[in-house]
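See structure below.
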Amino acid sequence: MKIINCLHSSDSINNIHDLRIRLMLAEAYRLIGQSYNEIKLFEQSFENYKQAYEILLPLKDQSCLYRSLYDIARSLLLGNKYSEAIKIFNDMLNKAISDNERAFVYQYLSYCYLNLNNYDQAKNYAYECLDYASISNEELLRIEANILLGKIYFELKDFQHSEEYIIYAQNLKDQLGDLNQMKYLDNLICNIKNHKENIFQNHISPFVQYENEYLNKINQQWISSIMENNQNKEINLEKEFFEQFNNKNIQNWRILTPYYRLFDICIERKKKIRRNIDDHIKQPITNVTIS
Numbered sequence: 000m001k002i003i004n005c006l007h008s009s010d011s012i013n014n015i016h017d018l019r020i021r022l023m024l025a026e027a028y029r030l031i032g033q034s035y036n037e038i039k040l041f042e043q044s045f046e047n048y049k050q051a052y053e054i055l056l057p058l059k060d061q062s063c064l065y066r067s068l069y070d071i072a073r074s075l076l077l078g079n080k081y082s083e084a085i086k087i088f089n090d091m092l093n094k095a096i097s098d099n100e101r102a103f104v105y106q107y108l109s110y111c112y113l114n115l116n117n118y119d120q121a122k123n124y125a126y127e128c129l130d131y132a133s134i135s136n137e138e139l140l141r142i143e144a145n146i147l148l149g150k151i152y153f154e155l156k157d158f159q160h161s162e163e164y165i166i167y168a169q170n171l172k173d174q175l176g177d178l179n180q181m182k183y184l185d186n187l188i189c190n191i192k193n194h195k196e197n198i199f200q201n202h203i204s205p206f207v208q209y210e211n212e213y214l215n216k217i218n219q220q221w222i223s224s225i226m227e228n229n230q231n232k233e234i235n236l237e238k239e240f241f242e243q244f245n246n247k248n249i250q251n252w253r254i255l256t257p258y259y260r261l262f263d264i265c266i267e268r269k270k271k272i273r274r275n276i277d278d279h280i281k282q283p284i285t286n287v288t289i290s
């Protein structure tokens, strides 16, 4: 308590000109702020971090001010005050002196905008983070940038891109032997795949059903024409069936064609129908009764 009382004496702080004492006082405030963070008293934490920053401000040491601003911004993040945190991170960006520091700040700016549901801005900052992390060869920041992009594309319902970024981040972590968050990333990928499967069920299944009806109808009429010794007979389909087949909802099957091998499925269906037709052709026509 004596230390805290001494720290809260603003007159003594303003009269301090010794560099070492100022640094020690700033560190004391920082440690108190850290203690408040650990017990989730973020308002008190913010006030102590802010006091530490004000003590360091006259020194004009950019690296010290950069770290002190991060403490303030992190305290705001933990209190879910993302808009206020963005202002602090922008100040940090102005004080950043290396590509590594810029990548670090852009990562948090992207995170803030993601939580504010501003996905376009979040995506822009995530790409900035990725660029600066690549320039400075910061693999951990590259991983975080890819995870952020995966989350952003997930919110944008672009599940293909989301999965690609998450898997890439997962592979980088595996190469570095970093097992942190691996279970979380596994769960995220499973969630993405579940959403993709739901899209398949909702949009592609009707197409497969209509395509099956279409081919079966063709199959039946073709077999009938063969049995009547009229292979060149024109095959006519009802107008209503064509309208149903060309319905706009059916066209949505194209969304996930690569993922669910829809093309292969269609080819397999056609081969199956062709085999059925060949089997009918091989049967003697005399054994078939036409009703």
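Mapping of the sequence shown onto numbering that gives the first Met the number 0: position 34 corresponds to residue 33, and the numbering continues sequentially without gaps.
Virtual Cβ for every residue (Gly too), placed ideally from N, Cα, C.
None of these values were measured; they are calculated from a predicted model.
Among the options, which residue has its Cα nearest to the Cα of residue i?
i    : options                   : result
D70  : S44, C128, N170 and Q174  : S44
L55  : E37, A27 and S74          : A27
C189 : D173, F158, N215 and L171 : F158
A102 : D119, L76, S135 and I87   : S135
S74  : L64, G32 and E154         : G32
E154 : A72, E53, N117 and N197   : N117
C111 : E83, Y126 and I96         : E83
In angstroms, rounded to a whole number, what distance separates the CA positions of residue i and residue j?
i    : j    : result
A132 : N99  : 6 Å
S62  : N193 : 45 Å
R29  : K195 : 46 Å
E143 : L77  : 18 Å
Q174 : Y167 : 11 Å
K172 : Y164 : 12 Å
I85  : I20  : 31 Å
L24  : A51  : 7 Å
L148 : N215 : 44 Å
D130 : K49  : 31 Å
Q125 : N145 : The amino acid occupying residue 125 in the given sequence is Ala; Gln does not appear at that position. Approximately 8 Å between the Cα atoms of the pair.
Y152 : L22  : 43 Å
Y81  : N197 : 33 Å
P57  : Y107 : 26 Å
Y259 : D185 : Here the model assigns Y259 a pLDDT of 45, short of 50, so the residue's position is not dependable, and the following value carries that caveat. In a straight line, the C-alpha of Y259 is about 20 Å away from that of D185.
Determine the DSSP secondary structure at residue i, reduced to helix, strand or coil.
i    : result
K39  : coil
R66  : helix
G301 : Here the chain comprises residues numbered 0 to 290, so residue 301 is not present and cannot be evaluated.
A102 : helix
K156 : coil
K59  : coil
L115 : coil
S161 : helix
N136 : coil
S109 : helix
A95  : coil
L255 : Since pLDDT at L255 reaches only 46, below the 50 mark, its modelled position is unreliable, and the value read off the structure follows with that caveat. Helix.
G32  : helix
K80  : coil
Q50  : helix
Q180 : coil
Examine chain D for any beta-carbon lying closer than 8 Å to the beta-carbon of residue i, and answer yes or no.
i    : result
N117 : In the structure shown, chain D cannot be found, because there is only a single protein chain.
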